[in-house]
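Position 86, counted from 1, in the sequence shown is what my numbering calls 149; the numbers after and before it change by one each time, with no gaps.
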Amino acid sequence: MKQYLDLLKLVLANGWSKTDRTGIGTLSIFGSQLRFSLHNQLPVITTKKIHTTSIIEELLWFLKGSTNIRTLQAKGVSIWDEWADENGDLGPIYGKQWRSWPEYNTNSKKSIDQLSNLVEELKKNPDSRRHIVSAWNVAQLNEMALMPCHILFQFYVHDKKLSCQVYQRSADLFLGLPFNITSYSLLTYMIAHQTNLEPCELIWIGGDCHIYMNHLQQVKKQLERKPFLLPRLEFSRRPESLFEYEYNDFNIIDYRSHDKISASVAV
64 MKQYLDLLKL
74 VLANGWSKTD
84 RTGIGTLSIF
94 GSQLRFSLHN
104 QLPVITTKKI
114 HTTSIIEELL
124 WFLKGSTNIR
134 TLQAKGVSIW
144 DEWADENGDL
154 GPIYGKQWRS
164 WPEYNTNSKK
174 SIDQLSNLVE
184 ELKKNPDSRR
194 HIVSAWNVAQ
204 LNEMALMPCH
214 ILFQFYVHDK
224 KLSCQVYQRS
234 ADLFLGLPFN
244 ITSYSLLTYM
254 IAHQTNLEPC
264 ELIWIGGDCH
274 IYMNHLQQVK
284 KQLERKPFLL
294 PRLEFSRRPE
304 SLFEYEYNDF
314 NIIDYRSHDK
324 ISASVAV
């Protein structure tokens, strides 16, 4: 994961000091691309311990179209707690948009399952340039507890290999991005598994790439550490659909990391 560490170094050295919505302040650059091979490896940060359980459970939660944190909390996952209302609701965030984007017809209550459509199109028309899912629903942004950070992803097929490119408008490099990298890598593996394709590459594109001012010391500590080899991913079974995977279907093999580095999330 040298490319991730190099991005941290770049922002520390050249980032602009900016104010932000949280009031904490950041060092920030605009525009970055990272590429991660998915060939016999799963991109997971090794220079600090990553809670892979939270990543998997959050992804499964998204795929079910869920937007209430009670399901996550029941599984010991608390990463969305700070943004939920008193009933645990987050509004129409990622899962809602991925699985049930409203059809904007004044006489219609139908919705569009972007992910189901994506999987079917990958099977029927792999060379299409329209394998895209968006979470940036302009009409519903103000109803969301947190507007989407990773707003759009696109899949690309060549030689029976599947790649995914993600655009993230806002990237918390220390706490958020490690989760995003692994989550979209897992999603690519899952869709490849469902479409009989081979996982190839994850391409991540960041807009505002930032380190919060209260994460600077943690980032410097992380940069002192040497990365380990990346783990591998195997599935225990092939469910009938993308939406039927369970936590125990994921086997992350040989994940070795340095100790956890704690930091406060910016809300």
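Just so it is clear, CB atoms sit at the ideal spot from N, CA and C, and this is done for glycine as well.
- Scanning Arg193, Ile266, Ile244 for the CA closest to the CA of Gln228 turns up Ile266.
- Counting other Cβ atoms within 10 Å of its Cβ, Arg162 reaches 16 or more and is therefore classed as buried.
- Contact annotation, Asp312 with Ser299: C-beta distance approximately 5 Å; criterion of less than 8 Å satisfied.
- Under the DSSP definition of a beta bridge, Trp199 lacks any partner.
- For Asn314, the uninterrupted beta strand (DSSP E) segment begins and ends at 313-316.
- With distances taken between CA atoms, Tyr67 lies nearest to Val107 out of Ser246, Val107, Pro302, Leu123.
- Between Tyr219 and Val74, the alpha-carbon positions lie close to 30 Å from each other.
- Val182 sits buried, since 16 or more C-beta atoms from the chains shown fall within 10 Å of its C-beta.
- Contact between the segment 150-159 and the segment 124-142 is present, with at least three C-beta pairs closer than 8 Å.
- The DSSP-derived three-state label of Glu121 is helix.
- Within the same chain, Cβ atoms closer than 6 Å to the Cβ of Lys138 are found at Glu120, the five residues on either side in sequence being excluded.
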